[in-house]
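Novice:
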Amino acid sequence: MAKIRYTISEKADEKVQRDMDIIKGIIAKKIKPESIILFGGFGRGEGSFEIRNGKIMPLNDYDMYVITKSKISDKTLDEVGKECSKAIGRGGNEFYETPLEIYDKNRFFHVDLRCITISELARLKKINRTYELKHSSNVIYGKDLRNKIKDFEMPISEAFRYLMNPACQLLVCMDSRRLKGRFRKDEKFYAMHHINKVYLSCASALLISAKKFQPTYRGTNKIFRKIYSKKFPKLAGKLDEAIKFKLNPERKLKGNITKEWLEARDILTETLQYLAEKHLGIKAENIEELTKKIHKKLPFVYFTPYMPFGFFSKFLFPAQYFLNMLYFNRARHFPVLLSWRDAGIRIFIAALLLLHALKNKALLEKSNGYIRDFAPVKSASWENLRASLLYAYDKYFSQKLI
Numbered sequence: 181m182a183k184i185r186y187t188i189s190e191k192a193d194e195k196v197q198r199d200m201d202i203i204k205g206i207i208a209k210k211i212k213p214e215s216i217i218l219f220g221g222f223g224r225g226e227g228s229f230e231i232r233n234g235k236i237m238p239l240n241d242y243d244m245y246v247i248t249k250s251k252i253s254d255k256t257l258d259e260v261g262k263e264c265s266k267a268i269g270r271g272g273n274e275f276y277e278t279p280l281e282i283y284d285k286n287r288f289f290h291v292d293l294r295c296i297t298i299s300e301l302a303r304l305k306k307i308n309r310t311y312e313l314k315h316s317s318n319v320i321y322g323k324d325l326r327n328k329i330k331d332f333e334m335p336i337s338e339a340f341r342y343l344m345n346p347a348c349q350l351l352v353c354m355d356s357r358r359l360k361g362r363f364r365k366d367e368k369f370y371a372m373h374h375i376n377k378v379y380l381s382c383a384s385a386l387l388i389s390a391k392k393f394q395p396t397y398r399g400t401n402k403i404f405r406k407i408y409s410k411k412f413p414k415l416a417g418k419l420d421e422a423i424k425f426k427l428n429p430e431r432k433l434k435g436n437i438t439k440e441w442l443e444a445r446d447i448l449t450e451t452l453q454y455l456a457e458k459h460l461g462i463k464a465e466n467i468e469e470l471t472k473k474i475h476k477k478l479p480f481v482y483f484t485p486y487m488p489f490g491f492f493s494k495f496l497f498p499a500q501y502f503l504n505m506l507y508f509n510r511a512r513h514f515p516v517l518l519s520w521r522d523a524g525i526r527i528f529i530a531a532l533l534l535l536h537a538l539k540n541k542a543l544l545e546k547s548n549g550y551i552r553d554f555a556p557v558k559s560a561s562w563e564n565l566r567a568s569l570l571y572a573y574d575k576y577f578s579q580k581l582i
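Just so you know, we're using our numbering here: the sequence shown kicks off at 181 and counts up by one.
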């Protein structure tokens, strides 16, 4: 059997393999899965790592799916994931749960476990995770059951969804102190990690729009340049460095990171504006107009590809109110129930406004108007609104609904 490639380095692969041997031993004993699939960067051979004091240190997380005969609870998965993290000498914490703390590479490296039953494999949602699970992952234990996953073309909703997390993650990695250039511990790395994820996510979103999605960073870069290098020259110019940052352990964290963060914000907005015009018929002169029109139109079509009712799915957009009920059970914020529009889309809209509201009180107030509908707000300062939005971001997206 050929060796699995986890990174661009054979030495790093050896370290990751040692971790995998420990992790799959624990999972096999605790969960007894039919299969364990390594997903994400390490699953497709594009894992991030660094060399610290002569030792290989994998970065960010190990994403894994356990394939089982019956469903495993999230509580059990979380407990086993933390045990695995501890066994390989990592912190096991997830930064999104405490985004106001100082980022530490070791403390916030975790083993992220998700469960899919064998019977669910044939009816997984048409999302990037499913596509990547089938086409760019590695089976590290048990049977290879990926042939049970149906192939599909990525729906346009995924292009918009590719921009939702990055919009919020730009707020996770930057606050008022860091905007002034005052970074602590591993915060510079964390900021650049998410800045580069913005560029890669924008490229992936645009390839979905062109029906040319690629499940790897290097594949994305290659096809993006063929299609979009003239239309999006700034983004094309960022991709090589973004991929180098992700894959190469010799990272340079010099330069003006705040300026880079603002550039990432603007490229994200430019990408969204293009997609909104092409697929929603939206034309907008500024971010306020763009977000207002997206809030009005996107909820009517966004969830259609994820619903299992074929032709009738497009008429069932009010069903997203159920997602607001699920969110309410976690956040206990009553105003979220006063609209049928999904809280996740509203979080996305508010994040976009907040990203552009650093020196714009009008946009700050617009963002505040959205945030109050899904999270408690202490005051309408940029920092307090950021904290409220990140609270909602954790409560909503940690549900792993899609």
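Where is the CB? At the ideal position from N, CA and C, for every residue including glycine.
Which value, in whole angstroms, describes the spacing of the CA atoms of I184 and R431?
Specialist: Walking along the sequence shown from the start, residue 184 turns up at place 4. Walking along the sequence shown from the start, residue 431 turns up at place 251. Taking the straight line joining both Cα atoms gives about 24 Å.
Novice: Is DSSP giving I582 helix, strand or coil here?
Specialist: Numbered from 1 along the sequence shown, position 402 holds the residue referred to as residue 582. Reliability fails at I582, whose pLDDT of 49 lies under 50, so the model's placement of it is uncertain and no value is given.
Novice: What residue from I202, E230, F289, F275 has the CA that sits closest to K424's CA?
Specialist: Indexing the sequence shown from 1 puts residue 424 at position 244. With distances taken between Cα atoms, K424 lies closest to E230.
Novice: When the distance is taken between beta carbons, is K368 closer than 8 Å to A437?
Specialist: Start at 1 with the first residue of the sequence shown, and residue 437 comes out as number 257. Start at 1 with the first residue of the sequence shown, and residue 368 comes out as number 188. A small fix is needed here, since residue 437 is Ile in this sequence, not Ala. Taking the C-beta atoms as reference points, K368 is found nearer than 8 Å to I437.
Novice: When you compare each of A383, K195, S356 to N564 by their alpha carbons, which one comes out closest?
Specialist: On the sequence shown, residue 564 is found 384 positions in, with the first residue counted as 1. Minimum Cα distance to N564 is reached at S356.
Novice: Buried or exposed: S568, going by 16 or more other Cβ atoms within 10 Å of its Cβ?
Specialist: Sequence index remark: in the sequence shown, residue 568 carries index 388 (1-based). By the 10 Å Cβ count, S568 comes out buried.
Novice: Spell out a yes or no on whether the segment 347 to 363 and the segment 300 to 309 are touching, meaning 3 or more CB-CB pairs, one atom from each, closer than 8 Å.
Specialist: In this structure the segment 347 to 363 does not touch the segment 300 to 309; the number of beta carbon pairs closer than 8 Å is below three.
Novice: Straight-line CA distance for V196 to T396?
Specialist: As a working note, residue 196 is residue 16 in the sequence shown. As a working note, residue 396 is residue 216 in the sequence shown. For V196 and T396, the distance between alpha carbons rounds to 19 Å.
Novice: Alpha carbon to alpha carbon, what distance is there between K255 and I467?
Specialist: Along the sequence shown, one-based indexing puts residue 467 at 287. Along the sequence shown, one-based indexing puts residue 255 at 75. C-alpha separation (whole angstroms): 40 Å.
Novice: What do you get for S389, buried or exposed, if any count of 16 or more other CB atoms within 10 angstroms of its CB means buried?
Specialist: Locating residue 389 in the sequence shown gives position 209, where the first residue counts as 1. Classification for S389: buried.
Novice: Between G221 and S215, how many whole angstroms is the CB-CB distance? I'm expecting something under 8 Å.
Specialist: What you label residue 221 is simply residue 41 of the sequence shown in a count that begins at 1. What you label residue 215 is simply residue 35 of the sequence shown in a count that begins at 1. So it is not a contact: roughly 20 Å between Cβ atoms.
Novice: Counting C-beta neighbours from all protein chains within 10 Å, is the total for S250 16 or more, i.e. buried, or is it exposed?
Specialist: As a position in the sequence shown, residue 250 is number 70, starting the count at 1. Answer is exposed; the Cβ neighbour count stays below 16.
Novice: Is it true that the CB of A444 sits closer than 8 Å to the CB of L350?
Specialist: As a first step, residue 350 is located in the sequence shown; it is residue number 170 there, counting from the start. As a first step, residue 444 is located in the sequence shown; it is residue number 264 there, counting from the start. Yes, these two residues count as a Cβ contact at 8 Å.
Novice: Let me know the secondary structure DSSP gives N240 once reduced to three states.
Specialist: Mapped onto the sequence shown, residue 240 falls at position 60. Coil, per DSSP.
Novice: If we ignore side chains and look at the alpha-carbon of each, how far apart do A572 and M505 end up?
Specialist: Against the sequence shown, residue 572 aligns to sequence position 392. Against the sequence shown, residue 505 aligns to sequence position 325. Their backbone Cα atoms lie some 14 Å apart in a straight line.
Novice: Quick one: residues in its chain with C-beta nearer than 7 Å to the C-beta of L387, no 5 flanking neighbours on either side, listed in chain order?
Specialist: Here residue 387 refers to the residue found at position 207 of the sequence shown. Excluding residues within five positions, the ones whose Cβ falls inside 7 Å are F393, Q394, T400, I403, F404.
Novice: Out of L517, I525, F412, I202, which has the shortest C-alpha to C-alpha gap to A267?
Specialist: On the sequence shown, position 87 is the one that residue 267 refers to. Distances from the alpha-carbon of A267 to those of L517, I525, F412, I202 put I202 closest.
Novice: Please state the DSSP three-state secondary structure of C295.
Specialist: Numbered from its first residue, the sequence shown carries residue 295 at position 115. Correct three-state label for C295: strand.
Novice: Answer with buried or exposed for G269, where buried requires no fewer than 16 other C-beta atoms within 10 angstroms of its C-beta.
Specialist: Within the sequence shown, numbered from 1, the residue matching residue 269 stands at position 89. Looking at its Cβ environment, which holds fewer than 16 other Cβ atoms inside 10 Å, G269 is exposed.
Novice: Starting from the N-terminal side, write out each stretch of the alpha helix (DSSP H) that is 4 residues or longer and does not extend beyond the segment 369 to 434.
Specialist: 397 to 408, 413 to 427
Novice: Work out the CA separation of A371 and Y283 for me, nearest whole Å.
Specialist: Translated into the one-based positions of the sequence shown, residue 283 becomes position 103. Translated into the one-based positions of the sequence shown, residue 371 becomes position 191. Between Y283 and A371, the C-alpha separation is close to 10 Å.
Novice: Kindly indicate the opening and closing residues of the alpha helix (DSSP H) around R566.
Specialist: What you label residue 566 is simply residue 386 of the sequence shown in a count that begins at 1. Here the alpha helix (DSSP H) through R566 covers 562 to 577.
Novice: Does the separation of the CB atoms of I447 and K414 fall below 8 Å?
Specialist: The residue labelled residue 447 in the question sits at position 267 within the sequence shown. The residue labelled residue 414 in the question sits at position 234 within the sequence shown. Yes, the pair counts as a contact, with Cβ atoms nearer than the cut-off.
Novice: Does the segment 466 to 484 come close enough to the segment 515 to 528 to have 3 or more Cβ pairs within less than 8 Å?
Specialist: yes
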